[in-house]
Amino acid sequence: MAETPWPASSDTAATSASQLAPGSDDWDDLRPHRPQDGLARLAWKSLAQGRGRQTKTFADATPAVGLLTAAPGLPPERALEHLSAEIWRRSKAGEAYGLALGGMQLAPSTGPEHRDRCLLALALAPGAAS
């Protein structure tokens, strides 16, 4: 039986887990393979079983890092309550988040100091209870 040579390293681009997208460790589905997908995500088992070239897709388990903003249509006090609850939830989960409120914006970050800065901004926001 002749051995099939491995593709040259320039073809595989030596993709390691650290080079894949965040949250890419949770396998989700297969889709038709495109050349730009690279060989690291090729479903080799599927190819060996004669199902053609398919690419593994992965679910993004990590939420997108973004800015928390007040929900439109809510009274100001209620919107601040929702923001406060979300800040506490993300802080406890160790997730990065930022805050955009009025003309003020805090960049996404983590940790108790960041949580306290965001909560202080909520307390000083127009519409906060005095």
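In this text, residue positions in the sequence shown follow the working numbering: the first is 1, and each later residue adds one.
Glycine included, each C-beta is placed from N, C-alpha and C at the ideal position.
These numbers were taken from a predicted model, which means no experiment stands behind them.
Delimiting residues of the beta strand (DSSP E) encompassing residue i
| i | result |
| --- | --- |
| Leu-106 | 104-109 |
| Ala-100 | 97-101 |
Minimum C-alpha distance to residue i - residue among the options
| i | options | result |
| --- | --- | --- |
| Lys-45 | Asp-37, Gly-38 and Gln-54 | Gln-54 |
| Pro-108 | Tyr-97, Arg-117 and His-114 | Tyr-97 |
| Leu-119 | Ser-91, Ala-48 and Leu-30 | Ser-91 |
For residue i, the first and last residue of its enclosing alpha helix (DSSP H)
| i | result |
| --- | --- |
| Ala-85 | 76-93 |
| Pro-112 | 112-124 |
Residue i vs residue j beta-carbon contact at 9 angstroms
| i | j | result |
| --- | --- | --- |
| Gly-127 | Pro-76 | yes |
| Leu-99 | Leu-122 | yes |
Length at least 3, wholly inside the segment 38-74: the beta strand (DSSP E) runs in chain order
54-59
Does the structure place the segment 31-41 close enough to the segment 79-98 that three or more beta carbon pairs sit under 8 angstroms?
no
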